[in-house]
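Q: Okay, handing you the structure first.
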Amino acid sequence: MKNGDSTKRQIGRIWVRTIESQYRIRLTKEAAGVVHWMQAADGFSIECIARLGPSGQLLLLPEERQRAALDKLSASLEAAPARLEDVSAAWLDLIRYAATGWRVSCSFEAKGSRFSLVLPKEARDLGIVPSQNDVVVLFCTGEILEIWPGARWVQHVSKISSTLDNYASLVTELLESRGMSGDPADAAQA
Numbered sequence: 002m003k004n005g006d007s008t009k010r011q012i013g014r015i016w017v018r019t020i021e022s023q024y025r026i027r028l029t030k031e032a033a034g035v036v037h038w039m040q041a042a043d044g045f046s047i048e049c050i051a052r053l054g055p056s057g058q059l060l061l062l063p064e065e066r067q068r069a070a071l072d073k074l075s076a077s078l079e080a081a082p083a084r085l086e087d088v089s090a091a092w093l094d095l096i097r098y099a100a101t102g103w104r105v106s107c108s109f110e111a112k113g114s115r116f117s118l119v120l121p122k123e124a125r126d127l128g129i130v131p132s133q134n135d136v137v138v139l140f141c142t143g144e145i146l147e148i149w150p151g152a153r154w155v156q157h158v159s160k161i162s163s164t165l166d167n168y169a170s171l172v173t174e175l176l177e178s179r180g181m182s183g184d185p186a187d188a189a190q191a
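Under the working numbering, think of the first position of the sequence shown as 2, with each following residue one higher.
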């Protein structure tokens, strides 16, 4: 897509929201321009799995993207259930991770022209996400939708800010691996 194309997706964006009653979060329709699996269309609804992300954030993933791998894992465990001596096995960590996921429906409300989702109770109870009336940051890019407690987001971005020189070289390497020069002007025209 060329610069000025109104259908061009943003590479990333944050929204700062207060958790509403019943632990609901609403997100503007513009999120569909950043998160590839969201559609700002009347009647759109998608089942997601909320999982703990690598930095303590809540990560929302479309359930269909995980289904094949989880079905295969489930079939394997039905054929050969975990034994007590497996408690330290690396593959059991994958099962622990898979068990630490909660269903979340994400739907588009045409009347309000926004997406709506409710934070899972278990994630709230574990302190992964804050309570009602607290502030969260929703970070979106590509297939990724993350929910961060506001203070944790600020800490995370502050840590990144302190090492920006490392990230500049990483971006240059990424652009070169994608066949682009390391010149940021080239990235802007992509």
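Beta carbons: idealized from backbone N, C-alpha and C, even for Gly.
Could you give the residue range of the alpha helix (DSSP H) that holds W149?
A: Numbered from 1 along the sequence shown, position 148 holds the residue referred to as residue 149. Segment 145-150 is the beta strand (DSSP E) holding W149; no alpha helix (DSSP H) there.
Q: Just the Cα atoms here: how many angstroms apart are V17 and E177?
A: As a first step, residue 17 must be located in the sequence shown, where it is residue number 16. As a first step, residue 177 must be located in the sequence shown, where it is residue number 176. Spanning the two alpha carbons is a distance of roughly 33 Å.
Q: Please classify G34: does DSSP put it in a helix, a strand, or coil?
A: Here residue 34 refers to the residue found at position 33 when the sequence shown is read from its first residue. Note: G34 maps to helix in three-state DSSP.
Q: Per DSSP, what kind of secondary structure is I129 in: helix, strand or coil?
A: In the sequence shown, the residue the question calls residue 129 occupies position 128. Coil, per DSSP.
Q: DSSP state of R84, grouped into three classes?
A: By 1-based counting over the sequence shown, the position of residue 84 is 83. Here R84 sits in coil by DSSP.
Q: On the DSSP letters alone, give me the boundaries of the alpha helix (DSSP H) that E177 sits inside.
A: Taking the first residue of the sequence shown as position 1, residue 177 is located at position 176. Element bounds for E177: 165-178.
Q: I'd like to know whether the C-beta atoms of V105 and P131 end up nearer to each other than 7 Å.
A: Against the sequence shown, residue 105 aligns to sequence position 104. Against the sequence shown, residue 131 aligns to sequence position 130. Not closer than 7 Å, so no.
Q: Which one or two residues does DSSP pair with F116 in a beta bridge?
A: Start at 1 with the first residue of the sequence shown, and residue 116 comes out as number 115. L28, F109, per the DSSP bridge assignment.
Q: Name, in chain order, the residues that DSSP records as bridge partners for W103.
A: As a working note, residue 103 is residue 102 in the sequence shown. Beta-bridge pairing links W103 to A51.
Q: What does DSSP give as the partner residue(s) for V158 in the beta ladder?
A: For this step, residue 158 is matched to residue 157 along the sequence shown. Paired residues: none, contrary to the question.
Q: With DSSP collapsed to three states, give me the class of S56.
A: Residue mapping note: residue 56 aligns to position 55 of the sequence shown, counting from 1. S56: coil per DSSP, three-state reduction.
Q: Is the segment 97-111 touching the segment 45-53, taking contact as three or more C-beta pairs under 8 Å?
A: Segments in contact, yes.
Q: Alpha carbon to alpha carbon, what distance is there between L146 and G13?
A: The sequence position of residue 13 within the sequence shown is 12, counting from 1. The sequence position of residue 146 within the sequence shown is 145, counting from 1. When rounded, the distance between both Cα atoms is 10 Å.
Q: Compare the Cα-Cα distances from S1 to each of S162, M39, T173 and report the closest residue.
A: Not covered by the structure: residue 1. The range shown for the chain is 2 to 191.
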